[in-house]
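Asks:
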Amino acid sequence: MDAVLIGLSNVFALESLIVLLIGTLAGMVIGALPGLSSTMGVALLIPITFSMSPESSLILLGAVYVSSVYGGSITAILLRTPGTDASIATSLDGYPLAEQGRGAEALGMATIASLVGGTISVIVLIAIAPPLARAALMFGPQEYTILAIFGMVTIVGVVSNNPLNGAIAALAGLFLASVGLDNFTGSQRYTFGSSSLFDGLPLLPALIGLFSISQAFVLCVPRSGGILKDDAASAEGRALPAWPDIRRCIRTMLKSSGIGALVGILPGAGTSIAAFISYDEARRSSKTPQTFGTGELEGVAASEAANNSVTGGTLIPTLTLGIPGNAVTAVFVGGLTIHGMVPGPRLFTDFADVTYTLFFSLFAANILFAVIGLLAGRWLVYVTRVPGSVLGPMIVVFSVIGTYALRNNMFDVGLAIAFGFIGFFMERWRYPAAPFVIALILGPILEVNFRRSMQISNWDLTTFFTRPLSLFLIALVIAAVAYPILKRRGATKRNS
Numbered sequence: 021m022d023a024v025l026i027g028l029s030n031v032f033a034l035e036s037l038i039v040l041l042i043g044t045l046a047g048m049v050i051g052a053l054p055g056l057s058s059t060m061g062v063a064l065l066i067p068i069t070f071s072m073s074p075e076s077s078l079i080l081l082g083a084v085y086v087s088s089v090y091g092g093s094i095t096a097i098l099l100r101t102p103g104t105d106a107s108i109a110t111s112l113d114g115y116p117l118a119e120q121g122r123g124a125e126a127l128g129m130a131t132i133a134s135l136v137g138g139t140i141s142v143i144v145l146i147a148i149a150p151p152l153a154r155a156a157l158m159f160g161p162q163e164y165t166i167l168a169i170f171g172m173v174t175i176v177g178v179v180s181n182n183p184l185n186g187a188i189a190a191l192a193g194l195f196l197a198s199v200g201l202d203n204f205t206g207s208q209r210y211t212f213g214s215s216s217l218f219d220g221l222p223l224l225p226a227l228i229g230l231f232s233i234s235q236a237f238v239l240c241v242p243r244s245g246g247i248l249k250d251d252a253a254s255a256e257g258r259a260l261p262a263w264p265d266i267r268r269c270i271r272t273m274l275k276s277s278g279i280g281a282l283v284g285i286l287p288g289a290g291t292s293i294a295a296f297i298s299y300d301e302a303r304r305s306s307k308t309p310q311t312f313g314t315g316e317l318e319g320v321a322a323s324e325a326a327n328n329s330v331t332g333g334t335l336i337p338t339l340t341l342g343i344p345g346n347a348v349t350a351v352f353v354g355g356l357t358i359h360g361m362v363p364g365p366r367l368f369t370d371f372a373d374v375t376y377t378l379f380f381s382l383f384a385a386n387i388l389f390a391v392i393g394l395l396a397g398r399w400l401v402y403v404t405r406v407p408g409s410v411l412g413p414m415i416v417v418f419s420v421i422g423t424y425a426l427r428n429n430m431f432d433v434g435l436a437i438a439f440g441f442i443g444f445f446m447e448r449w450r451y452p453a454a455p456f457v458i459a460l461i462l463g464p465i466l467e468v469n470f471r472r473s474m475q476i477s478n479w480d481l482t483t484f485f486t487r488p489l490s491l492f493l494i495a496l497v498i499a500a501v502a503y504p505i506l507k508r509r510g511a512t513k514r515n516s
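Our numbering applies: residue 21 is where the sequence shown begins, and numbers increase by one.
Right, dumping it as C-alpha cells:
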C-alpha cells in the first residue's frame with residue numbers, strides 16, 4: 021500500500037507533471053507524423069532518460085507510448101494517412117466522415133474512445149500485473165525456456181504476412197544475441213577481439229538504429245516524397261459528437277477495450293490486429309453494418325478504443341515476465357535496464373514505488389491527451405507539412421547524440437548507424453524488425469535457461485514434460501504455431 025501511495029504522489033510532483041506534458045505532446049506529434057511510429061518515439065527518447073530519475077524516465081516513455089497511439093488517429097481521419105499502423109482501421113470511417121464535413125466530430129469520437137480504451141487498459145494492467153508477477157515466482161528455467169520460445173513464435177506468426185521472412189528475421193536476432201562472453205564458460209563468441217562486445221551486442225544502439233535512424237533514412241529518400249500533405253479534409257463542425265451518438269457507441273467502446281486489452285497481453289499481437297478485430301466485431305454486431313466504411317462513428321470508436329487499450333495489455337508480460345509484448349515494449353525494456361531495473365517479479369517488490377508511478381502516470385497521460393486532443397487535435401495535422409528532407413536529418417542528429425551519450429562510446433554510434441541501414445533495407449525487402457528485436461532480447465533468456473535446465477536435469481529433455489506449468493506453456497506454443505497455419509488454410513478455402 022505504501023508503494024501505491026508513493027507512486028501516486030510521484031505523479032503529481034511538479035517535475036513529473038512537466039515531464040508528463042512534454043511526453044504527451046511529443047507522443048501526439050510523433051503519432052501524427054506518417055512514417056514515424058510509437059516504437060521510434062520511445063527509442064529516440066531513451067537516451068534522454070539516461071540522466072533522469074527512474075520515475076521521470078518511465079513517466080516520459082509511458083506518456084509518449086500511449087499518446088502516440090492516439091496521435092495516429094488525427095492524420096488517419098483528416099488525411100486518410102494513418103500516423104501509425106494502429107490507426108489504419110480508423111481511416112476506414114474517419115476519412116469519409118471528414119469528407120462529409122464531420123472531421124471535428126470524428127476526432128472527438130476518436131478522442132473519447134481512446135480515453136476509454138486507454139483507461140480500461142491501465143485498470144487491467146494494475147489488476148493483473150501484480151498477481152501475475154507473484155505467479156512468476158513459480159517459474160523455473162524450464163518454464164522460462166518455453167516462455168521465450170512462445171514469445172518468439174507468436175510474434176513471428178502475427179506481425180508478418182510472410183512468416184518465412186519473420187522467421188528469418190528472428191533467427192538473425194537469435195544469432196546476434198549469442199555475441200559476447202559465454203555465460204557458462206567465459207569464452208568469447210563472435211566478438212572479433214572487440215572489448216565493446218564482451219557484454220554482448222549493446223541493445224539500445226541497435227534499437228535506436230533499427231527504429232529511429234532507419235525511419236530517418238526512409239524520410240530522406242527522394243522517391244518517398246517526404247511527408248508533405250496539402251489536401252487535408254475539413255476539421256470543421258462540432259468538436260464533440262452528439263450525446264445520442266456517444267451513448268450508441270458506449271457498448272462498442274467497452275467491448276473493443278476488452279478485446280484490445282486481451283490482444284495486448286498476447287506477445288506479438290499488436291495494436292493494428294486489435295483494431296481490425298474490434299472493427300469487424302462492431303460491424304458484425306451492428307444493426308446497420310452497411311454504414312461501416314461510409315462514415316460511421318461506431319467504426320471510429322471501435323478502432324480507437326481497441327488500439328489504445330492494447331497499450332496497457334502489452335506491458336503486462338513485459339513487466340511481469342520480461343517477455344516484450346511488441347516492438348514498443350521491447351524498447352521499453354531498454355529504458356528499464358538503463359536504471360538497473362530488470363523486468364520480472366522484482367519490479368513489484370524492490371522497485372514497487374517506481375512501477376506504480378508508471379501505472380498512475382499512464383492514467384494521467386490518457387486524460388491529458390484527451391484534453392489536448394479535444395482542444396487542439398485538429399491543428400496537429402499541420403505538423404505533416406514538415407518536409408521529410410528536414411525531419412530525417414534532425415532525427416539522425418538526435419539519434420547519434422543520444423546514442424553517444426549512453427556510454428560515451430563511438431563504437432555505439434557506428435553500431436546504431438549500421439543498424440539504421442539494416443533496418444532500412446529490412447523494411448524495403450519486407451523483413452519485419454519486431455521479430456528481430458524480440459529475438460535479440462529473448463535470445464539470452466532462452467539460452468541461459470535452457471542450459472541451466474539441462475544442467476539441473478543432467479540433460480534429460482523429459483523434464484520439460486513432467487511439470488504442469490511447462491506443459492501448459494508447451495500447449496500455448498503449439499496453439500501459436502497452429503493458429504496462423506489454420507487461418508491461412510481457411511482463407512485459401514474461402515477464396516477457392
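Glycine included, C-beta positions come from ideal geometry on N, C-alpha and C.
#1: How many angstroms separate the CA atom of valine 363 from the CA atom of alanine 372?
#2: Identify every residue that forms a DSSP beta bridge with arginine 209.
#3: Straight-line CA distance for threonine 13 to asparagine 478?
#4: Got a sec? Which residues, its chain only, sit under 6 angstroms from serine 547 by beta carbon, not counting five neighbours each side?
#5: By the 10 Å Cβ neighbour count, where 16 or more other Cβ atoms means buried, how is leucine 248 classified, buried or exposed?
#6: In the DSSP assignment, find the alpha helix (DSSP H) that holds alanine 52 and state where it starts and stops.
#7: Here's the rule: buried if 16 or more other CB atoms are within 10 angstroms of the residue's CB, otherwise exposed. What is glutamate 119?
#8: Rounded to the nearest angstrom, how far is the Cβ of methionine 20 from that of proline 261, given a contact under 8 angstroms?
#9: How many angstroms separate the CA atom of glycine 284 from the CA atom of valine 330?
#10: By DSSP, does aspartate 8 sit in helix, in strand, or in coil?
#11: Just the Cα atoms here: how many angstroms apart are isoleucine 415 and isoleucine 233?
#12: Quick check: what's the CA-CA separation for glycine 443 versus isoleucine 228?
#13: Take threonine 69 and list the residues in its own chain whose beta-carbon comes closer than 7 angstroms to its own, dropping the five residues that flank it on each side.
#14: If you follow the alpha helix (DSSP H) that leucine 335 is in, where does it begin and where does it stop?
#15: Just verifying my parser: in three-state terms, what is the DSSP assignment at threonine 95?
#16: If you count every other CB in all the chains shown that lies within 10 Å of the CB of glutamate 75, and 16 or more means buried, which is it?
#17: Distance, Cα to Cα, isoleucine 148 vs leucine 221?
#18: Using three-state DSSP, classify threonine 308 as helix, strand or coil.
#19: Hey, is the stretch 58-66 in contact with the stretch 345-353, meaning 3+ C-beta pairs nearer than 8 angstroms?
#20: When the Cα atoms are used, what is the spatial distance from threonine 211 to valine 49?
#21: By the DSSP assignment, the alpha helix (DSSP H) with methionine 446 in it spans what residues?
#22: Comparing alpha-carbon positions, which option in Ala454, Leu506 and Phe389 lies nearest serine 134?
#23: Helix, strand or coil, according to DSSP, for aspartate 370 in the structure here?
#24: Taking the CB atoms as reference points, tell me whether proline 455 and methionine 172 lie closer together than 9 angstroms.
#25: Going straight from the alpha carbon of glycine 91 to that of aspartate 370, what length do you get?
Replies: Inspection of the coordinates gives the following:
#1: One-based indexing of the sequence shown puts residue 363 at position 343. One-based indexing of the sequence shown puts residue 372 at position 352. The residue asked about is misnamed: residue 363 is proline in this sequence, not valine. Looking at the backbone, the Cα of proline 363 and that of alanine 372 are separated by about 12 angstroms.
#2: Looking up residue 209 in the sequence shown gives position 189. According to DSSP, which records beta bridges pairwise, arginine 209 is partnered with Gly200.
#3: Residue 13 is absent from the model: the chain starts at 21 and stops at 516.
#4: The chain is shown from 21 up to 516; residue 547 falls before or after that span and cannot be answered.
#5: Within the sequence shown, residue 248 is the residue found at index 228, counting from 1. A caution first: leucine 248 carries a pLDDT of 44, below 50, which makes its placement in the model too unreliable to give a value.
#6: Translated into positions along the sequence shown, residue 52 becomes position 32. For alanine 52, the enclosing alpha helix (DSSP H) begins and ends at 34-52.
#7: Position 99 of the sequence shown, counted from the start, is the residue given in the question as residue 119. Exposed, because fewer than 16 other Cβ atoms sit within 10 Å of the Cβ of glutamate 119.
#8: Residue numbering for the chain in the displayed model covers 21 to 516; residue 20 lies beyond these limits and cannot be assessed.
#9: Taking the first residue of the sequence shown as 1, we reach residue 284 at position 264. Taking the first residue of the sequence shown as 1, we reach residue 330 at position 310. If I take the Cα positions, the gap works out to 4 angstroms.
#10: Nothing can be reported for residue 8: it is not among the residues displayed for the chain, which extend from 21 to 516.
#11: Counting from one through the sequence shown, the residue named residue 415 turns up at place 395. Counting from one through the sequence shown, the residue named residue 233 turns up at place 213. So the two alpha carbons sit approximately 7 angstroms from each other.
#12: Along the sequence shown, read from residue 1 onward, the residue named residue 443 stands at position 423. Along the sequence shown, read from residue 1 onward, the residue named residue 228 stands at position 208. Whole-angstrom Cα-Cα distance: 10 angstroms.
#13: As a first step, residue 69 must be located in the sequence shown, where it is residue number 49. Excluding sequence neighbours, threonine 69 sits near Ser77, Leu80, Leu81, Gly355 and Ile358.
#14: Position 315 of the sequence shown, counted from the start, is the residue given in the question as residue 335. Segment 317-341, the alpha helix (DSSP H) holding leucine 335.
#15: Position 75 of the sequence shown, counted from the start, is the residue given in the question as residue 95. Helix, per DSSP.
#16: As a position in the sequence shown, residue 75 is number 55, starting the count at 1. Buried.
#17: For the purposes of this step, residue 148 is taken as the residue at position 128 of the sequence shown. For the purposes of this step, residue 221 is taken as the residue at position 201 of the sequence shown. Rounded to the nearest angstrom, the gap between the Cα atoms of isoleucine 148 and leucine 221 is 33 angstroms.
#18: Looking up residue 308 in the sequence shown gives position 288. In the three-state DSSP reduction, threonine 308 falls in the coil class, being neither helix nor strand.
#19: yes
#20: In the sequence shown, counting from the first residue as 1, residue 211 sits at position 191. In the sequence shown, counting from the first residue as 1, residue 49 sits at position 29. Rounded to whole angstroms, threonine 211 to valine 49 spans 40 angstroms at the Cα level.
#21: As a first step, residue 446 must be located in the sequence shown, where it is residue number 426. Taken as a continuous stretch (DSSP letters only), the alpha helix (DSSP H) holding methionine 446 covers 430-448.
#22: As a first step, residue 134 is located in the sequence shown; it is residue number 114 there, counting from the start. If we check each option's Cα against that of serine 134, Phe389 comes out closest.
#23: In the sequence shown, residue 370 corresponds to position 350, counting from 1. Coil.
#24: Within the sequence shown, numbered from 1, the residue matching residue 455 stands at position 435. Within the sequence shown, numbered from 1, the residue matching residue 172 stands at position 152. Closer than 9 angstroms, so yes.
#25: Here residue 91 is taken as the residue at index 71 of the sequence shown, counted from 1. Here residue 370 is taken as the residue at index 350 of the sequence shown, counted from 1. Near 34 angstroms, if we compare the C-alpha coordinates of aspartate 370 and glycine 91.
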